[in-house]
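Contents: one structure, followed by commentary.
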Amino acid sequence: MREINQFKITDAVKESFATEPGSRFEQLLHGLIEHLHDFTRENSLTHAEWMRVLNFLYDCGKISTPERHEFILLSDVLGFSALVDMINTRGGATEGSNLGPFYLDDAPDKALGADLSEGRDGAIVLVHGKVTDTLHKALPGATIDTWQADGSGTYPIQEQEHGQDKMDLRGKFTCDGDGRYYYTTVLPKPYTVPYDGPVGELLRAGNRHAWRAAHLHYIVRAPGMADITTEVFFENTEYLDNDAVFGVRKSLIAKVQPVRKAEQFDYDLSVKPDAVFEFDFVLAPEG
1 MREINQFKIT DAVKESFATE PGSRFEQLLH GLIEHLHDFT RENSLTHAEW
51 MRVLNFLYDC GKISTPERHE FILLSDVLGF SALVDMINTR GGATEGSNLG
101 PFYLDDAPDK ALGADLSEGR DGAIVLVHGK VTDTLHKALP GATIDTWQAD
151 GSGTYPIQEQ EHGQDKMDLR GKFTCDGDGR YYYTTVLPKP YTVPYDGPVG
201 ELLRAGNRHA WRAAHLHYIV RAPGMADITT EVFFENTEYL DNDAVFGVRK
251 SLIAKVQPVR KAEQFDYDLS VKPDAVFEFD FVLAPEG
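For the sequence shown, the UniProt record's numbering assigns the number 287 to the last residue and increments by one with no breaks.
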């Protein structure tokens, strides 16, 4: 220890952990230590800058709740989330996209054809499609877990103090025997990511906007298949080319079309839609 200097300390820190040689944990931990130390040396980090980083992380933790994960938001705006999604998208499967900070894992089960809009202002859209494997074989019983903002660009979970139910605009659907899913909801609008915390401060410091392209969130699951977490965006809407969290992929953009007066759908719907779009999800095998 007495011989440590700024160039020897990295190896000393790595050696202080009794990790299993060659393990994934050792690879990740050693890599993190090396990159963190290299960054610090390359930039000659000052005490004030070091403390500012620690206070920023403290503030992220302080503002986080079970319903708002500021560290996920930080990961999103730094492109970290998008990079992990890109690396982990399996060949032939639907591309992954951001989980976002507002996911709740206990959304209510909904029957196919249900309406999530619950009388909200905005265009009512029929969302439908299939879930298949990479060989285009339908996956009956696959589950669609969805959540979204409303027609003004607000998540109900953000408005609980104004009487909104945090479970509004959320639902879990089970696909039918043909792997189909279908439901109606309000077409969401673009919105800004939460701007009242440390991540908002970071965006302002970097002269960046906080706007997200309008989208629906999804987690799609089926037995024996790898889950996907993704988003579906809408053609000809704002911020497709400069989404604040780098979530847009060309393959995830759907075309929303108006419903013709005489148009009939082969679904039992509880609400008549104003518009419709179709999006098929593809899952790859586990492993």
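Beta carbons: idealized from backbone N, C-alpha and C, even for Gly.
Residue pairing by DSSP leaves residue 214 without any beta bridge partner.
Residues of the same chain with a CB within less than 6 Å of the CB of residue 210, apart from the 5 flanking positions on each side, are 192, 193, 195, 203, 244 in chain order.
In this structure residue 101 is buried. Its beta-carbon is surrounded by 16 or more other beta-carbon atoms within 10 angstroms. The criterion of a C-beta distance shorter than 8 Å is satisfied by residue 94 and residue 281. When secondary structure is reduced to three states using DSSP, residue 68 falls in the strand class.
The beta-carbon distance between residue 256 and residue 233, rounded to whole angstroms, is 10 Å. This is too long to meet the 8 Å contact definition. The DSSP-derived three-state label of residue 101 is coil. One thing to note: residue 283 has its Cβ within 8 Å of the Cβ of residue 139.
Separation of the CB atoms of residue 117 and residue 13 is rounded to 54 Å, and the pair is thereby denied contact status at 8 Å. Under the DSSP assignment, residue 272 falls outside any beta strand (DSSP E); it carries neither an H nor an E label.
Counting C-beta pairs closer than 8 Å gives fewer than three between the stretch 37-52 and the stretch 159-168, which falls short of the contact rule. The DSSP-derived three-state label of residue 191 is strand. Following the DSSP letters along the chain, one finds residue 128 inside the beta strand (DSSP E) bounded by residues 124-133. Only residues of its own chain outside the window of five on either side were considered, and among them 278, 279, 280 have a CB closer than 6 Å to the CB of residue 129, listed in chain order.
DSSP places residue 34 outside any beta strand (DSSP E); the residue lies instead in the alpha helix (DSSP H), whose first and last residues are 24-42.
Boundaries of the alpha helix (DSSP H) around residue 14: 9-16. Between residue 254 and the set 241, 231, 271, the nearest pair of CA atoms involves 231. When Cβ pairs closer than 8 Å are counted between the two stretches, the stretch 111-127 is seen not to touch the stretch 76-87, the count staying below three. Under the three-state reduction of DSSP, residue 225 is assigned to strand. Rounded to the nearest angstrom, the Cβ distance from residue 99 to residue 72 is 7 Å, consistent with a contact under 8 Å.
For residue 172, the uninterrupted beta strand (DSSP E) run begins and ends at 170-174, by DSSP. Residue 286 and residue 225 have their C-alpha atoms some 5 Å from each other.
For residue 199, the three-state secondary structure derived from DSSP is helix.
Per DSSP, reduced to three states, the secondary structure at residue 279 is coil, with no helix or strand assignment.
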